[in-house]
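My numbering applies: residue -7 is where the sequence shown begins, and numbers increase by one.
Backbone N, C-alpha and C fix where the C-beta goes; we use that ideal spot for every residue, glycine too.
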Amino acid sequence: MSPGAEGDGGCPRCGRELTRVRRAASWCPGCEWGLDRYEPHRRKAEAGWPWLDRMLFRAAYRLTVAQYAALAGRSIDRRAASGARLCLLAAALLLFAVVVGLLGLGAYLIANRFPGWRIVPGVLLILLALALWPKLGRPDDRYGRIERGQAPTLFGLIDRVASAIGAPEPHVVCVDPWFNASARAAGLRRRRSLTIGVAMWAILPPQQRVALLAHELGHFVNGDARRGPLTHIPLTTLGALADLLRLPAVRGAGAAGRVAAAVGRATLGTLRRIVLCGHFVLVRVCLRDAQRAEYLSDELAARAAGSDAAAGLADTLVLRETLYPLVRRQARRGEPVTGWLGSANETRSGTAARLPGMRQLSIRDEVSMSATHPPTGLRARMIESRPPQAATVTLSAADCARIDDELAAAYGSARRHLAAG
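Right, here's the structure in full:
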């Protein structure tokens, strides 16, 4: 972190020297004056119109900071019901009724005065209904599953973490190569799956691994409105409908074909914008609830792994832009996965002085009207705003090494994917 003064280099609000990180515009590290500056070159456009993108950024920043202020320093309870949940549930029932109606109308058109010209629109309506039928999903095991018999130490740790936070155990544990982790419920029976990304898992100290598991398992009990068996339907269905309304480019057609394609694009484009507006509204309705649920998962991580480890996990995410390229380089050099943690710890030590500024900058960079997660810097700050918690689940160095041995095959596969990617 280095001074990045504008004018005389002092904050106009409190007089403290300004700072900057990663070539971002400077701000005050004390009162955070200037942190809400909009920098379009550092972020993806949300709407595509500069004036609207700026307005959305300002609104997202205010909402995010206000939510943090409302929740900081106190325990977060799971919400059994919320406005977002009720809104998504109502939308789900409406969309399900529309899909069933399309099926019924299509069947009626086919059966009425069969055979006849009505077969064509009837079949089209049925195909549309099937395309929009609620998707229940399935575990993403394309990179492999881990069975309990293969990794008893890992599963024992998962069991202990789930018990500590009052969460159910996952039915399926998967691995993938990436710098991430996830938990979801899928299928008609809502089978729970946990996915561990090797690029992230391998560079976590033992207690941060506990925190990661606790955070992800916390999604099964944090009351996130988007994850219910019915409430997820509107978000997935409207997204699928928007994709269906995207007309592919027509090449090699004559004049009549080009005119028909232009009319089709205009018609479908209008319908697609209407669908996207509905999707946009639903996403915005549930975002505050989703971010609140993320804060609760972080609190559960602190309960299991201890506050220091949970905050350290958030800081690992703050350093993602530095740590992930490091992991990729290690993979390309053929370094063993078990050696990545040492290199990551050296990076953590080298960036320790800049970390407070990077936490703050994450607020500017990550606030969005589409963000389902709070900025990682605020997540670390939220954990530290509460009374410190001692770990209720500990992972010894010996057990950590056993888990690495159990995942050796998954580590090798992940290293190859990362090296090739």
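Reference residue i; option with closest CA among the options
i, options, result
"I395", "L149, W125, A123", "L149"
"A232", "H271, R340, V190", "H271"
"Y135", "L85, L186, I102, P4", "L186"
"R34", "D391, R378, S360, L119", "S360"
"L260", "L237, T364, E139, G75", "L237"
"P162", "E208, I118, T386", "E208"
"R324", "G404, L101, D281", "G404"
"D397", "E338, V329, R346", "V329"
"A282", "T343, H365, Q200", "H365"
"A175", "I195, R219, L288, C3", "R219"
"V275", "R257, L263, P317, T228", "T228"
"R70", "T145, R137, A123, N214", "N214"
"T339", "E313, E358, E327", "E313"
"A177", "P197, D151, A194, F212", "F212"
"L94", "C269, D28, L124, A51", "L124"
"P21", "L116, R15, C3", "C3"
"A84", "A64, L230, A393, W43", "L230"
"L387", "P42, D151, R5, A52", "D151"
"L120", "D235, L268, A64, A390", "D235"
"A89", "E291, T384, P126", "P126"
"G197", "N172, Q142, G334", "Before going further, note that residue 197 is Pro rather than Gly in the sequence given. The option with the nearest alpha carbon to P197 is G334."
"Q200", "A303, F171, V273, R15", "A303"
"L292", "V385, A393, K36", "V385"
"L288", "A402, A258, T343, A159", "A159"
"A51", "V255, R280, G129, A344", "R280"
"F171", "R181, L180, W193", "W193"
"W332", "Y316, L44, F147", "Y316"
"R66", "A401, G326, D290", "D290"
"L399", "L116, L55, Q142, F106", "Q142"
"A402", "V255, G189, L44", "G189"
N- and C-terminal bounds of the beta strand (DSSP E) containing residue i
i, result
"S185", "183 to 189"
"A175", "173 to 178"
"V167", "164 to 168"
Distance between beta carbons of residue j and residue i, contact taken as under 8 Å
i, j, result
"T191", "V319", "Residue 191 is actually Ala in this sequence, not Thr. So it is a contact: roughly 5 Å between Cβ atoms."
"L87", "I225", "6 Å"
"A363", "C278", "Their Cβ separation, rounded to whole angstroms, is 12 Å, which puts A363 and C278 out of contact at 8 Å."
"E38", "A17", "Not confirmed; about 19 Å, so no contact."
"T145", "D357", "37 Å between Cβ atoms; not a contact."
"T294", "I375", "The sequence given here has Ala at residue 294, not Thr. Correct: roughly 5 Å between the Cβ atoms."
"P169", "A336", "Not really, about 16 Å apart at Cβ, beyond 8 Å."
"I138", "R284", "Contact flag wrong, Cβ pair sits at about 31 Å."
"I118", "A99", "7 Å"
"C23", "R5", "5 Å"
"G129", "G96", "Rounded, the Cβ-Cβ distance is 26 Å, inconsistent with contact."
"R29", "W41", "Their Cβ separation, rounded to whole angstroms, is 19 Å, which puts R29 and W41 out of contact at 8 Å."
Residue range of the unbroken alpha helix (DSSP H) whose run includes residue i
i, result
"T228", "225 to 236"
"W43", "42 to 63"
"G136", "Element bounds for G136: n/a, residue is neither H nor E."
"Y403", "400 to 412"
"R201", "198 to 210"
Under 8 Å, with one C-beta from each stretch per pair, do the region 58 to 73 and the region 365 to 382 reach the 3-pair mark?
Yes, they touch.
Which runs of the alpha helix (DSSP H) fall wholly inside the region 300 to 388 and span at least 4 residues, in chain order?
As for any alpha helix (DSSP H) of minimum length 4 sitting wholly inside the region 300 to 388, the runs are 312 to 324, 332 to 342, 347 to 358, 368 to 377, ordered along the chain.
Pairs of beta-carbons, one from the region 204 to 224 and one from the region 75 to 84, closer than 8 Å: are there three or more?
A contact exists between the region 204 to 224 and the region 75 to 84.
request  = Pair every Cβ in the region 146 to 161 with every Cβ in the region 405 to 412, then say whether three or more of these pairs are closer than 8 Å.
outcome  = Because the criterion of three Cβ pairs below 8 Å is not met, the region 146 to 161 and the region 405 to 412 do not touch.
Whole runs of the alpha helix (DSSP H) within the region 93 to 153, excluding any shorter than 4 residues
Fully enclosed alpha helix (DSSP H) runs of 4 or longer: 111 to 124.
Tell me, please, whether the region 376 to 384 touches the region 294 to 309 by the rule of three or more beta-carbon pairs shorter than 8 Å.
At 8 Å Cβ cutoff, the stretches touch.
**Asked** Is the region 343 to 361 touching the region 4 to 21 in the sense that three or more CB pairs, one from each, lie closer than 8 Å?
**Response** In short, these stretches touch, since the Cβ pair count reaches three.
Flag this pair as touching only if the region 130 to 144 and the region 177 to 186 have three or more C-beta atom pairs under 8 Å; answer yes or no. Touching, yes, given that three or more Cβ pairs across the two stretches are closer than 8 Å.
Exercise for the section: For the region 303 to 315 and the region 195 to 207, state whether three or more C-beta atom pairs, one from each stretch, are separated by less than 8 Å. Expected result: Yes: the two stretches touch, three or more of their Cβ pairs being nearer than 8 Å.
Would the region 162 to 180 count as touching the region 100 to 119 if we require 3 or more Cβ pairs under 8 Å? Contact fails: fewer than three Cβ-Cβ distances are below 8 Å.
Counting only runs that start and end within the region 255 to 305, where is the beta strand (DSSP E) found for 3 or more residues in a row? No beta strand (DSSP E) of 3 residues or more sits fully in the region 255 to 305.
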